[in-house]
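Chemist: FYI, the numbering for the sequence shown is 204 to 451, going by my numbering.
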Amino acid sequence: MEYTVVVAEDEILLQNNLVRKINKLDMGFRVVGQTQTGIQALDLIEKYNPFLLITDIRMPVMDGLELIEKAKETHPDLTCVIISGYSDFSYAQQAIRLHVQDYLLKPVEISQLQTVLANIRDQYEAKEKEIHSTMVVDSGEASPDRTAALVHEYITSHFAEDVNLNLIAGEFGYSQGYLTRIFQAKYGQSPNQYLIRLRINRARTLLEDQKLSIRQVGEAVGYPDQAYFSRIFKRYMGVSPQKYRGGR
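1. For M204, count the other beta carbons within 10 Å of its own beta carbon; 16 or more makes it buried, fewer makes it exposed. Which is it?
2. Between which two residues does the alpha helix (DSSP H) harbouring S433 extend?
3. According to DSSP, is A406 part of a helix, a strand, or is it coil?
4. Measure how close the beta-carbons of L255 and Y306 come, nearest whole angstrom, since I'm counting them as under 8 Å.
5. Who are the Cβ neighbours of E331 in its own chain at under 6 Å, not counting the five residues just before and after it?
6. If you reduce the DSSP assignment to three classes, tell me which class Y306 lands in.
7. In the DSSP assignment, find the unbroken beta strand (DSSP E) run with Y426 in it and report its ends.
8. Can you give me the C-alpha to C-alpha distance between G267 and N367, rounded to a whole angstrom?
9. Would the beta-carbon of E364 fall within 8 Å of that of M338?
10. Are there 16 or more other CB atoms within 10 angstroms of the CB of D183, so buried, or fewer, so exposed?
11. Beta-carbon separation of I285 and T318 under 8 Å?
Listed below in structure tokens is the structure:
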């Protein structure tokens, strides 16, 4: 498999150096886009739907943390790695809590980069095996309609886990875009929309239990970061989880 990458780094020399190192390692990762700003990085993510985003924390207009948050709202499967200096270590810790895969310390050493990329690849392959054993699919015989139904069943059963649509699509030999189209044709919504609605509906039920904290509710439905959970919940329900609970 080829792992596509977008690199966001405002210092052009560091950016080009990082891209050269990724190519030199020849580990199956291919840079499809590179930029100096978070806003341009979002555009590249929309254009290429990459597997991996590597971003500096400190960038003008939109920093790396905001970039990751916005990117994951539309691309929840996106794997993210941040680049930071020693003085940014507290930001790096915060990013890791936001489900960032790992961080690279400036200046990025090729051995450090190799270790991070190897870990990402190994984890992806392990998850791929897990999904294969769970879905037990003969993708050569499954019709588009049956494929959509199998994906629906899988999401329904695993919505509280880390659901990776790229992996599921690969199990059938499809792109994520094609999988989304056949799912939408059958169910009137994308797999991501269905996943979010399942999580929000379950969260509404769990919020009735006053013994559970907002963080615990978020974790139980697949959103381990409380701030991200609150933002998604408010977008769909019009109020925060706290206000939703208080109004009942």
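All residues carry an ideal CB built from backbone N, CA and C; glycine is no exception.
Modeler: A quick look at the data gives this:
1. exposed
2. 429-440
3. helix
4. Not confirmed; about 13 Å, so no contact.
5. L370
6. strand
7. Here Y426 belongs to no beta strand (DSSP E), and DSSP marks it neither H nor E.
8. 22 Å
9. no
10. With the chain covering 204 to 451 only, the question about residue 183 has no answer from this structure.
11. no
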